[in-house]
Each structure stands twice: as structure tokens, then as C-alpha cells.
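Novice: Position one of the sequence shown corresponds to residue 1 (the working numbering), numbered consecutively onward.
The following block contains the structure, expressed as C-alpha cells.
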Amino acid sequence: MSVLAQKTCIPCRGGVPPLKGEELDALQEKLGNDWQIKNERPVVDGHEFNGLVETLGNGAAERHHVALGDAVVAEQVVSCRECYYCQRGWYNLCTEPQFFGLNLDGSWSEYMIFPANAVVHKLPPEISSSAAIALESTACGIYTIERGNLTPVSY
1 MSVLAQKTCI
11 PCRGGVPPLK
21 GEELDALQEK
31 LGNDWQIKNE
41 RPVVDGHEFN
51 GLVETLGNGA
61 AERHHVALGD
71 AVVAEQVVSC
81 RECYYCQRGW
91 YNLCTEPQFF
101 GLNLDGSWSE
111 YMIFPANAVV
121 HKLPPEISSS
131 AAIALESTAC
141 GIYTIERGNL
151 TPVSY
């Protein structure tokens, strides 16, 4: 596990309050038992972030290829690495995913703890903290364009 401090994060709920009570029950019913979103305790929001490594647990430096003080970002979905899909490298289809800000404490907390199976990326020094905050959203957009075989069109 690693601990991230001195974070930059952006609120991305658009002013919508977190779901709770009956709303959360209704969403869980729609998702079924494959995606458990309820927690035994409250969870801090925030899933787009970057920050500096402040503490490293046993083996974290080697596993994540980071050192104290490194600027890092983690992928927001933490897959189990054990289910049928994860064993085939299809982490996006994990049957027991965890998400920062949903069932793992997110970036609005003072510190974040990255589980051992989190995918952590060290940021190069030329990427500023404010630019790094948009990496995940930008990557999703680029991936969508590539998967859709979209090309520029002139009108």
C-alpha cells in the first residue's frame, strides 16, 4: 500500500450530492449483485486526482516503481486481479472492482491509501499537477475515439 499526500483533485459531480439511503438501495437493485456499491462505513468522494507519495508500505516501491516524493496518479478502478476476467487481462470487466470515491476513500480525503493491487503511474516532471488532473478523462476520450475508429471530418 502507498499513501498519497499533497493532492490536486477536482470535484466532478456537478453539484449532485452523493447517493444515500433509499437512492443507494435503488441503484444497487438496478446493478444487481455483480456490482456491490454499499459499504460498511462512509466513503470520501473524489476519483480524479494526483499527488505526491508520502509513505510506502512493504514492497510498494518495487511493485509500483515509485519512491517517496514522486508525483503519481492511480487508475480509478482497482480490480481484484483474481476473477476470470482479471486473469485474462480484462481488468475493466472485473467482477469485484473497487473505485476511489465509491468504495475506497477518494481524493477529497486528506490522504489516500492505494491498495496493493492499484495501478499507479509515476508522473514525469514536465507534467504539472494541474495538467495531470485531466489525464484519466483525456485517456477515456482518446480510447473511445480509437475504439470507434473516428476520424476528423471537414464540413
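Positions of the beta carbon are idealized from the N, C-alpha and C atoms, including for glycine.
Gln87 by DSSP, collapsed to three states: which one?
Specialist: Here Gln87 sits in helix by DSSP.
Novice: Span of the alpha helix (DSSP H) holding Ile133?
Specialist: Element bounds for Ile133: n/a, residue is neither H nor E.
Novice: Indicate the three-state DSSP secondary structure (helix, strand or coil) for Leu52 in the structure shown.
Specialist: Note: Leu52 maps to strand in three-state DSSP.
Novice: Does Ile133 pass the burial test, meaning 16 or more other C-beta atoms within 10 Å, or should it be called exposed?
Specialist: With 16 or more other Cβ atoms within 10 Å, it is buried.
Novice: Can you find the residues in the same chain that come closer than 8 angstroms, C-beta to C-beta, to Gly101, ignoring five residues on each side of it along the sequence?
Specialist: These residues qualify, in order along the chain: Val43, Val44, Asp45, Gly46, His47, Gln76, Ser107, Trp108.
Novice: Taking Arg81 as the reference, which of Pro115, Ala61, Cys140 has the closest Cα?
Specialist: Of Pro115, Ala61, Cys140, the residue nearest in Cα terms is Pro115.
Novice: List the endpoints of the continuous alpha helix (DSSP H) containing His47.
Specialist: From DSSP, His47 is part of no alpha helix (DSSP H); its letter is neither H nor E.
Novice: Could you check how far apart the C-beta atoms of Gly51 and Val66 are, in whole angstroms? I think they sit under 8 angstroms.
Specialist: Incorrect: roughly 11 angstroms between the Cβ atoms, too far for contact.
Novice: Drop a sphere of 10 angstroms on the beta-carbon of Pro152, count the other beta-carbons inside from all chains shown, and report buried for 16 or more, exposed for fewer.
Specialist: Exposed is the call here.
Novice: Measure from the alpha carbon of Leu123 to the alpha carbon of each residue in Ile113, Glu136, Asn117, then state which is nearest.
Specialist: The shortest Cα separation from Leu123 among Ile113, Glu136, Asn117 belongs to Glu136.
Novice: Among Ser79, Ser129, Gly89, which one has its Cα closest to the Cα of Asn117?
Specialist: Looking at the Cα atoms, Ser79 is the closest of the given residues.
Novice: What does DSSP give as the partner residue(s) for Leu104 in the beta ladder?
Specialist: DSSP lists Phe100 as partners of Leu104.
Novice: Mind checking which residues open and close the alpha helix (DSSP H) that includes Ala60?
Specialist: Ala60 -> alpha helix (DSSP H) spans 60-64.
Novice: Could you pull the DSSP bridge partners for Ala74 from this structure?
Specialist: The partner list for Ala74 (beta bridge, DSSP) reads Val120.
Novice: Could you compute how far the alpha carbon of Gly59 sits from the alpha carbon of Asn149?
Specialist: The alpha-carbon atoms of Gly59 and Asn149 are separated by roughly 40 angstroms.
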